[in-house]
Amino acid sequence: MPSVVVENISKSFTAEKKKVLALGDISFDVAKGALFGVIGPDGAGKTTLFRILTTLILADKGKVEIDGFDVVKEYKDIRKRIGYMPGKFSLYQDLTVEENLEFFATIFNTTIKENYSLIKEIYQQIEPFKDRRAGKLSGGMKQKLALSCALIHRPSILFLDEPTTGVDAVSRKEFWHMLKQLQKEGITILVSTPYMDEAALCDTVALIQNGKFLSIDTPEGTVSLFKKPLWAVKSDNMYKLQQDLKQFEGMASIYPFGEYYHLSLNRDSILQEDISAYLTSKVHQGLEINPIKAGIEDVFMELMKSTDD
Amino acid sequence: MKQFIAFVKKEFYHIWRDKQTLLILFGMPIAQIMIFGFALTNEVKNAKIAILNPSKDIASATLTQRIDASRYFDVLKNLQSQSQIEAAFQEGKIKLAVIFPQDFNASLLHNNTATIQFIADASDPNIATTLTSYASAIVQDYQEEMKGANTLPYTIQTDTRMLYNPQLKGAYNFVPGVMAMILLLVCTLMTSIAIVREKERGTMEILLASPLQPIVVILAKAIPYLVLSMVNIASILLLSVFVLELPIEGSLPLLIGESILFTITSLSLGLLISSITASQQVAMMISLVGMFLPTLMFSGFMFPIESMPVPLQVISNIVPAKWYFYIVKAVMIKGLGIGAIWKETLILSGMTVFLLGLSIKKYKIRLA
């Protein structure tokens with residue numbers, strides 16, 4: 242039995258007298274013990290989806306089962322077995338690290354001691370500050386504490402809503418390492434993130450935009466959705482480069498990517514020399530043109546473009 | 625049960641670590657008792673008055689002296705002519721002018737009658753009435769003395785006794801009022817804020833996604849404020865007994881029991897407010913405007929309910945503080961037992977059950 246079964250859920254909100262669709266007809270399963278990533282920009286519907294899965298809000302339509310329990314009728318059973326870490330830091334800022342952890346252990350009818358082995362690796366990093374108020378912790382430490390609190394009752398499914406937003410690169414990396422460890426303990430993990438580079442670390446990736454899933458696949462499978470040739474291009478005058486590439490015959494799409502522009506082409510027959518010759522004719526200096534393999538972000542841009550059309 | 629204790633412990637941490645709020649919570653009852661006890665009072669003392677006395681004879685001089693000597697009046701100036709009276713009032717310094725006629729004593733002795741005029745600043749009608757009646761009483765006393773053995777054929781003597789409060793101390797009225805206000809403020813306002821804060825800070829999201837029962841959350845939120853209120857009640861009672869010298873006539877356990885009942889009523893109200901609001905500001909506004917003002921107006925503490933129009937009298941019945949105010953006055957000041965207040969107690973209990981039931985029912989098991 243899968244840990245999470247979602248069938249055709251929709252949810253809309255009324256904002257300024259207009260109905261806004263937050264989720265539109267989403268269906269997916271998450272296998273037991275999987276690390277499932279929901280990836281999409283801000284406002285795509287990630288938090289709404291997580292709140293429906295954690296029984297915090299009700300969907301307008303559709304059916305959700307968590308560990309075989311219905312989110313509407315059997316929400317009490319679900320609340321006993323899930324761990325949830327909201328996007329906003331939601332622990333008691335005026336309680337110390339240890340008091341927070343102890344409080345959450347008790348309300349889940351357990352003790353720190355009982356499940357210490359599960360959180361040991363994470364909690365040990367903040368244990369030297371256990372008498373510090375949670376509000377005075379750094380961003381990375383807050384996140385570790387929040388994760389410890391969400392894990393203290395050894396949940397069977399862990400829901401993490403944008404756990405790495407606003408966290409530095411090193412802590413993000415550490416965080417994903419911790420998730421991999423937890424997965425080995427048999428915990429099913431659903432994690433949402435706006436960072437495309439984190440997709441590769443999941444077992445399954447769902448790309449979400451405007452309340453709809455663009456694709457659900459393994460990271461490799463998702464990347465393979467990108468079929469066109471892709472080039473990273475750079476020159477001394479980036480603005481002119483963009484203008485000129487838009488005029489380039491055979492251009493399928495162009496968008497900024499770090500210090501490069503990613504240029505996808507609609508034909509395989511165009512060679513590096515062709516691009517180079519075209520741009521040189523437009524008097525570009527310091528040209529760099531490299532063939533590259535598509536990443537998740539490229540797929541995302543591509544899928545977004547095709548749904549917009 | 626463990627969950628409950630952990631939750632109560634957490635609430636105490638919140639309260640204890642917010643030093644500013646803590647100071648207000650414990651300082652407020654003390655400050656209010658002191659302010660009402662020594663600063664804000666509707667007793668009239670040392671009112672400034674002016675005297676116009678053109679006759680300057682023995683009777684008018686004695687009367688002037690007596691008026692000045694009383695603790696109610698303080699002669700600020702002696703006027704020289706009628707024309708100065710208006711000016712003296714316009715300056716705003718005097719509240720009352722006492723005007724003797726020409727030949728006051730002579731007229732009194734020869735005609736057996738003389739007139740004194742009191743002119744009062746009636747822009748505050750209560751003070752004007754009080755001052756003229758005090759002044760009349762002084763004149764009356766003097767007249768009694770003068771007539772001496774020559775008794776008039778018919779006289780009606782009035783004998784007034786001020787029951788329960790012979791010294792006419794304001795404390796007899798405001799201590800019960802302050803108790804009602806403090807309990808309402810601490811319980812309703814602080815409780816509603818305490819729950820809404822969890823919503824605002826996002827912690828409610830985690831609490832909802834946990835197996836905690838709503839009843840545990842609600843009761844655990846209420847208990848610390850119940851304890852705080854008891855401390856406040858104790859400090860109000862201690863202050864009023866030892867500083868304001870206001871005795872507790874009735875049974876102390878009964879008074880405390882009724883206070884606990886009213887505390888629970890206020891807590892239920894606070895819980896109800898918190899379940900229908902989403903931000904601390906709104907909760908505060910509803911508590912203050914929706915509860916505090918009606919309590920001031922309709923509990924009988926500031927304004928007598930009997931003299932209100934009938935619709936307002938009816939409305940006053942739904943204000944819990946009105947019933948508590950009545951109970952405290954009955955037990956603390958009149959020394960009555962449960963036999964005299966069982967109806968009011970029953971009404972408060974009914975309100976409590978209704979409000980608590982409603983707030984548990986209204987407690988949202990989801991975010992939206």
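Note that the protein sequences, when read in sequence, are chains C and Y.
Residue numbering for the first sequence follows our numbering, starting at 242 and increasing by one per position.
Residue numbering for the second sequence follows our numbering, starting at 625 and increasing by one per position.
We treat Cβ as the ideally placed atom computed from N, Cα and C, and that holds for glycine.
For clarity, every value in this text was computed on a predicted model and none was experimentally measured.
Anticipated Cβ contact below 8 Å, residue i with residue j, distance rounded
| i | j | result |
| --- | --- | --- |
| Y:Ile740 | Y:Leu703 | Going by Cβ atoms, the distance from Y:Ile740 to Y:Leu703 rounds to 14 Å, so no, they are not a contact pair. |
| C:Ile449 | C:Gly286 | 6 Å |
| Y:Thr827 | C:Tyr333 | 6 Å |
| C:Gln424 | C:Leu276 | 5 Å |
| C:Phe416 | C:Pro404 | 6 Å |
| Y:Gly661 | Y:Ala795 | 6 Å |
| C:Leu359 | C:Arg395 | 6 Å |
| Y:Thr976 | Y:Ile888 | 5 Å |
| C:Gly324 | C:Ala391 | 4 Å |
| C:Phe269 | C:Ala447 | 6 Å |
| C:Leu264 | C:Ser251 | 6 Å |
| Y:Glu679 | Y:Phe728 | Going by the sequence as given, residue 679 of chain Y is Ser instead of Glu. About 4 Å separates the two Cβ atoms, so the contact holds. |
| Y:Tyr696 | Y:Val668 | 6 Å |
| Y:Ile762 | Y:Arg690 | 5 Å |
Residue from the options whose Cα sits closest to the Cα of residue i
| i | options | result |
| --- | --- | --- |
| C:Pro327 | C:Asp335, C:Leu386, C:Leu378 | C:Leu386 |
| Y:Tyr987 | Y:Ser898, Y:Val955, Y:Phe949 | Y:Ser898 |
| C:Phe498 | C:Asn507, C:Gln483, C:Glu514 | C:Gln483 |
| Y:Val865 | Y:Phe978, Y:Gln708, Y:Lys680, Y:Ile957 | Y:Ile957 |
| C:Thr352 | C:Glu248, C:Leu359, C:Ile393, C:Val432 | C:Ile393 |
| Y:Ser757 | Y:Leu720, Y:Met770, Y:Pro725 | Y:Leu720 |
| C:Arg320 | Y:Pro835, Y:Ile648, Y:Val810, Y:Phe927 | Y:Pro835 |
| C:Glu529 | C:Ala535, C:Cys390, C:Lys302, C:Trp472 | C:Trp472 |
| C:Gly281 | C:Met437, C:Val247, C:Gly462 | C:Met437 |
| C:Lys475 | C:Gly427, C:Leu466, C:Asp485, C:Gln366 | C:Asp485 |
| Y:Lys953 | Y:Gly963, Y:Arg785, Y:Gly874 | Y:Gly874 |
| C:Ser465 | C:Lys317, C:Phe370, C:Glu538 | C:Glu538 |
| Y:Ala663 | Y:Asp642, Y:Leu868, Y:Tyr637, Y:Phe916 | Y:Leu868 |
| C:Glu439 | C:Pro460, C:Thr429, C:Leu262 | C:Pro460 |
| Y:Ser890 | Y:Thr812, Y:Leu991, Y:Gly974 | Y:Thr812 |
| C:Ala535 | C:Asp477, C:Phe467, C:Leu512 | C:Phe467 |
| C:Lys546 | C:Thr463, C:Tyr519, C:Leu455, C:Ile516 | C:Leu455 |
| Y:Gly651 | Y:Lys985, Y:Ser859, Y:Ser923, Y:Gln837 | Y:Ser859 |
Residues that residue i contacts on chain Y, provided the C-beta gap is smaller than 7 Å
| i | result |
| --- | --- |
| C:Phe344 | Ala630, Lys634 |
| C:Thr347 | Lys626, Gln627, Ala630 |
| C:Lys329 | Gly826 |
Exposure of residue i, with buried meaning 16 or more beta-carbon neighbours within 10 Å
| i | result |
| --- | --- |
| C:Gly309 | exposed |
| Y:Gly894 | buried |
| C:Pro470 | buried |
| Y:Ile659 | exposed |
| C:Leu399 | buried |
| Y:Ile682 | exposed |
| Y:Asn670 | exposed |
| C:Gln526 | exposed |
| C:Asn531 | exposed |
| Y:His734 | exposed |
| Y:Tyr849 | buried |
| Y:Met926 | exposed |
| Y:Leu912 | exposed |
| Y:Ile989 | exposed |
Residues that residue i contacts on chain Y, provided the C-beta gap is smaller than 9 Å
| i | result |
| --- | --- |
| C:Thr406 | By Cβ distance, chain Y contributes nothing, its closest Cβ being about 14 Å from C:Thr406, past 9 Å. |
| C:Ile353 | Going along chain Y, no residue has its Cβ under 9 Å from C:Ile353, so there is no contact; the nearest lies around 12 Å. |
| C:Tyr357 | Under the 9 Å cutoff, chain Y gives no residues; its nearest Cβ is about 18 Å from C:Tyr357. |
| C:Glu403 | Within 9 Å Cβ-Cβ: nothing; C:Glu403 doesn't reach chain Y, min ~13 Å. |
| C:Leu262 | The premise fails here: C:Leu262 is roughly 16 Å from chain Y at the closest Cβ pair, so nothing lies under 9 Å. |
Neighbour list for residue i in chain C, Cβ cutoff strictly below 7 Å
| i | result |
| --- | --- |
| Y:Leu832 | Leu297 |
Contact list for residue i against chain Y, beta-carbon separation under 8 Å
| i | result |
| --- | --- |
| C:Asp335 | Tyr637, His638, Arg641, Asp642 |
| C:Tyr325 | Glu829, Ile830, Ala833 |
| C:Lys321 | Pro835 |
| C:Leu399 | Simply none; closest approach about 11 Å. |
Contact set between residue i and chain C, taken where Cβ atoms lie within less than 8 Å
| i | result |
| --- | --- |
| Y:Glu667 | Per Cβ cutoff of 8 Å: no residues; Y:Glu667 is ~45 Å from chain C at best. |
| Y:Leu836 | Ile348 |
Contacts of residue i in chain C (Cβ-Cβ under 9 Å)
| i | result |
| --- | --- |
| Y:Leu649 | Simply none; closest approach about 16 Å. |
| Y:Arg990 | Arg292, Thr296, Leu297, Ile298, Leu299, Tyr316 |
Chain A residues whose Cβ lies nearer than 9 Å to that of residue i
| i | result |
| --- | --- |
| C:Glu340 | Note that chain A does not occur in the displayed structure, where the protein chains are C and Y. |
Three or more C-beta pairs closer than 8 Å, one from the stretch 791-805 of chain Y and one from the stretch 943-955 of chain Y: is that the case here? yes
At a cut of 8 Å, does the stretch 928-948 of chain Y reach the stretch 845-859 of chain Y through at least three beta carbon pairs? no
Could you say if the stretch 625-643 of chain Y and the stretch 338-346 of chain C meet the contact criterion of at least three C-beta pairs nearer than 8 Å? yes
Say whether the stretch 814-822 of chain Y touches the stretch 778-791 of chain Y, bearing in mind that this needs 3 or more beta-carbon pairs closer than 8 Å, one atom from each stretch. no
Pair every Cβ in the stretch 639-656 of chain Y with every Cβ in the stretch 695-710 of chain Y, then say whether three or more of these pairs are closer than 8 Å. no
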